[in-house]
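S.K.:
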Amino acid sequence: MRAAINFLVLVLTMPLWSASAFGQTKNTDNFYAGKTIDLLIGHSPGGGYDTYARTLARHIGKHIPGQPEVVPKNVTGAGSLVLMNQVANTLPNDGTVFATVNQGMAFEPLFGNDQAKYQAADIVWLGSLAKGTSLCVSHKDAEVQTWQDLKSKTLTVGASGAGASTNVYPRVMAELFDFKFNIVTGYPGGNDILLAMERGEVEGRCSWLLSSARTQKPGWIEDGEVNVLFQMALEKHPDLPDVPFVMDFAETDKQKKVLRLFLARQLIARPYVMPPGVPQERVAIMRKAMAETAIDPEFLEDAANQSLSIDFVTGEETQAIISETYAYPDEVIAVVKNAM
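Each residue of the sequence shown is one higher than the one before, counting from 0 in numbering that gives the first Met the number 0.
So, in structure tokens, the structure goes:
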């Protein structure tokens with residue numbers, strides 16, 4: 000008799016909890032219907048981060064339930080540190096805003112940048128569209144023609160703000176290998192540095208992602224407009240077999256550890272983030288949308304037409320890379336801190 004009563008209760012209540020569960024899924028799925036999502040870009044128009052983000056914006060909406068419009072907007076300043084601080088502290092956390100920031104933003108607090116008003120662990124990491132290889136280049140007319148020249152001659156390079164890769168990379172290379180750089184800061188973005196090279200204001204830049212070089216100035220490397228002094232990544236790029244590899248410069252165990260720490264950012268070269276406190280179900284929706292877009296044939300064709308390489312890193316993988324980096328020994332972290 001008791002079993003029959005329990006079964007009757009279950010049958011009678013089933014429509015209630017089924018409808019409730021369905022309603023919750025429906026509400027979550029429909030949250031984005033009719034809404035606009037802002038995709039904020041921490042770099043100036045025309046650069047690599049901008050091109051990746053605008054390409055993503057054209058395709059990701061169809062992978063979000065409700066198919067909201069995704070509108071890209073540029074928010075520049077300090078190599079995207081301005082935007083990262085906004086993500087952490089002032090932007091709405093309802094799931095209607097996400098952003099792309101410089102690959103180094105995850106590590107600015109670790110390396111002691113007091114202008115970084117956030118903790119990387121608090122940020123929601125959606126993933127990265129690509130891994131990266133950065134180049135250190137000089138103009139063909141510069142005195143510095145090879146990486147060995149940097150030991151005895153000074154290369155004037157353009158850079159953005161304090162946290163920008165164009166500022167940080169030459170400082171770390173100088174700290175590790177006694178390379179000579181004169182760093183001219185204040186350029187809003189990578190395109191502005193390239194224009195400065197053309198005008199003769201600076202002689203090079205020492206952080207230029209290969210994917211950006213291929214889209215911004217596709218003929219510069221092949222036509223010899225610039226000298227590629229060396230490449231910076233954890234692994235040598237297969238398309239650059241004859242370009243010197245920075246890991247080969249390391250002669251001591253400490254130098255190797257510092258490079259592995261510093262170049263971890265290359266594993267998340269095109270990261271996307273959301274503010275702390277976004278509801279978990281919306282984080283899951285956006286992470287899923289990022290992953291689906293990264294294998295969408297139309298997106299991949301659009302990216303290929305612009306020479307954008309796609310090598311997706313999930314949000315969970317991105318967070319794991321960042322956590323591992325923060326676990327490095329203090330004496331290794333201190334070398335990068337001193338350089339910055």
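For each residue, glycine too, the CB sits at the ideal point set by N, CA and C.
Computed from a predicted structure; not experimentally measured.
I need the DSSP call for Val183, collapsed to helix, strand or coil.
M.R.: Taking the sequence shown and counting its residues from 1, one reaches residue 183 at position 184. Correct three-state label for Val183: strand.
S.K.: Tell me the rounded alpha-carbon separation between Arg213 and Ile220.
M.R.: Along the sequence shown, read from residue 1 onward, the residue named residue 213 stands at position 214. Along the sequence shown, read from residue 1 onward, the residue named residue 220 stands at position 221. Going by the C-alpha atoms only, they are around 9 Å apart.
S.K.: Contact defined as beta carbons within less than 8 Å: I believe Lys336 pairs with Phe110. What is the distance between those atoms, to the nearest angstrom?
M.R.: Position 337 of the sequence shown, counted from the first residue, corresponds to residue 336. Position 111 of the sequence shown, counted from the first residue, corresponds to residue 110. Correct: roughly 5 Å between the Cβ atoms.
S.K.: List the residues that DSSP assigns as beta-bridge partners of Cys205.
M.R.: Locating residue 205 in the sequence shown gives position 206, counting from the first residue. Partner(s): none; Cys205 has no beta bridge.
S.K.: Cα-Cα, which of Thr35, Pro64 and Ala173 is closest to Val334?
M.R.: Translated into the one-based positions of the sequence shown, residue 334 becomes position 335. The shortest C-alpha separation from Val334 is found at Ala173.
S.K.: Should Asn166 and Tyr117 be called a contact, given that it needs their Cβ atoms to be closer than 9 Å?
M.R.: Counting from 1 along the sequence shown, the entry for residue 166 is found at position 167. Counting from 1 along the sequence shown, the entry for residue 117 is found at position 118. Taking 9 Å as the Cβ cut-off, Asn166 and Tyr117 do not qualify as a contacting pair.
S.K.: Does Tyr271 come out as helix, strand or coil in the three-state DSSP assignment?
M.R.: As a working mapping, residue 271 is identified with position 272 in the sequence shown. Looking at Tyr271 - three-state DSSP - the assignment turns out to be strand.
S.K.: Are three or more beta carbon pairs between the stretch 173–189 and the stretch 145–164 nearer than 8 Å?
M.R.: yes
S.K.: Helix, strand or coil for Gly43 per DSSP?
M.R.: Locating residue 43 in the sequence shown gives position 44, counting from the first residue. It is worth fixing the name first, because residue 43 is Ser in this sequence and not Gly. Looking at Ser43 - three-state DSSP - the assignment turns out to be coil, as it is neither helix nor strand.
S.K.: Can you tell me which of Leu260, Lys139, Leu134 and Phe176 puts its alpha carbon nearest to the alpha carbon of Ile149?
M.R.: Translated into positions along the sequence shown, residue 149 becomes position 150. Position check: residue 149 holds Leu in this sequence, whereas Ile was assumed. The shortest Cα separation from Leu149 among Leu260, Lys139, Leu134 and Phe176 belongs to Phe176.
S.K.: Return the residue from the list Leu266, Ile63 and Glu250 that minimises the CA-CA distance to Gly103.
M.R.: Mapped onto the sequence shown, residue 103 falls at position 104. Closest by alpha carbon: Leu266.
S.K.: Measuring CA to CA, which of Asp222, Val257, Pro240 and Gly223 is closest to Gln230?
M.R.: Taking the sequence shown and counting its residues from 1, the one referred to as residue 230 is at position 231. Nearest option by C-alpha distance: Pro240.
S.K.: Can you list, in chain order, the stretches of the beta strand (DSSP E) that have 3 or more residues and sit fully within the stretch 48–132?
M.R.: 68–73, 96–99 and 123–127
S.K.: Alpha carbon to alpha carbon, how far is Gly276 from Thr313? Give it in angstroms, no decimals.
M.R.: Residue 313 sits at position 314 when you count from the first residue of the sequence shown. Residue 276 sits at position 277 when you count from the first residue of the sequence shown. Rounded to the nearest angstrom, the two C-alpha atoms are 19 Å apart.
S.K.: Would the beta-carbon of Leu90 fall within 9 Å of that of Ala77?
M.R.: Along the sequence shown, one-based indexing puts residue 90 at 91. Along the sequence shown, one-based indexing puts residue 77 at 78. No, Cβ-Cβ distance for Leu90 and Ala77 is not below 9 Å.
S.K.: Tell me the DSSP bridge mates of Thr35?
M.R.: Taking the sequence shown and counting its residues from 1, one reaches residue 35 at position 36. Paired residues: Glu68.
S.K.: May I ask which residues mark the beginning and end of the alpha helix (DSSP H) holding Phe261?
M.R.: As a first step, residue 261 must be located in the sequence shown, where it is residue number 262. Membership of Phe261 in the alpha helix (DSSP H) is indicated by the continuous run Asp252 to Phe261.
S.K.: Ser211 by DSSP, collapsed to three states: which one?
M.R.: Taking the sequence shown and counting its residues from 1, one reaches residue 211 at position 212. In the structure shown, Ser211 sits in a helix (DSSP, three-state: H, G or I).
S.K.: Identify, in the order they occur along the chain, each residue of the same chain with its Cβ nearer than 7 Å to the Cβ of Ala3, setting aside the five sequence neighbours on each side.
M.R.: One-based indexing of the sequence shown puts residue 3 at position 4. Confidence at Ala3 is low in this model, with a pLDDT of 42, below 50, so the placement of that residue should be treated as unreliable; the coordinate-derived value is given next. None.
S.K.: Taking the beta strand (DSSP E) that Met196 belongs to, which residues open and close that run?
M.R.: As a working mapping, residue 196 is identified with position 197 in the sequence shown. Per DSSP, Met196 belongs to no beta strand (DSSP E); it is in the alpha helix (DSSP H), Gly189 to Arg198.
S.K.: By a C-beta neighbour count over all protein chains shown, 10 Å radius and 16 as the cutoff for buried, is Thr54 buried or exposed?
M.R.: The residue you call residue 54 lines up with position 55 of the sequence shown. By the neighbour-count criterion, in which a residue is buried when 16 or more other Cβ atoms sit within 10 angstroms of its Cβ, Thr54 is buried.
S.K.: Restricting to runs no shorter than 3 residues, where is the beta strand (DSSP E) found entirely within the stretch 258–334?
M.R.: Qualifying beta strand (DSSP E) stretches, in chain order: 270–273.
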